[in-house]
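Note sheet for the following structure.
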Amino acid sequence: MNTLMDKTAILDRMRAQVAAGSPIIGAGAGIGLSAKWAAARGAGQVIGFNAGK
Numbered sequence: 001m002n003t004l005m006d007k008t009a010i011l012d013r014m015r016a017q018v019a020a021g022s023p024i025i026g027a028g029a030g031i032g033l034s035a036k037w038a039a040a041r042g043a044g045q046v047i048g049f050n051a052g053k
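Residue numbers (UniProt numbering): 1 to 53.
Put into structure tokens, the structure is as follows:
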């Protein structure tokens, strides 16, 4: 399953959400499982972070 989108597709999708009056929800995720759940539950943005040493 390819889930990568190009910049134009991402911006078009977010602009359509704003035009429809829907909020864009951002979520932070430290592990892949959290990111998958956030995306599956409708997060408009998922920001990954790493507290590696």
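Ideal Cβ placement from N, Cα and C applies to all residues, glycine included.
Model, not experiment: these values are computed from the prediction.
On the criterion of 16 or more Cβ atoms from any shown chain inside 10 Å, does residue i qualify as buried, or is it exposed?
i: A40; result: exposed
Would you mind working out which of the options sits nearest residue i, comparing C-alpha positions?
i: A30; options: A20, A43, I47, D6; result: The sequence shown places Gly at residue 30, rather than the Ala named in the question. For the residues A20, A43, I47, D6, the minimum Cα distance to G30 belongs to I47.
i: A27; options: A38, G21, L33, V18; result: A38
i: R15; options: A35, G44, L4; result: G44
Would residue i and residue j be called neighbours here (beta carbons separated by less than 8 Å)?
i: I25; j: G42; result: yes
Take residue i and list the residues in its own chain whose beta-carbon comes closer than 8 Å to its own, dropping the five residues that flank it on each side.
i: S22; result: none
Give me, in chain order, the residues of the same chain whose beta-carbon lies closer than 6 Å to that of residue i; leave out the 5 immediate sequence neighbours on both sides.
i: I10; result: none
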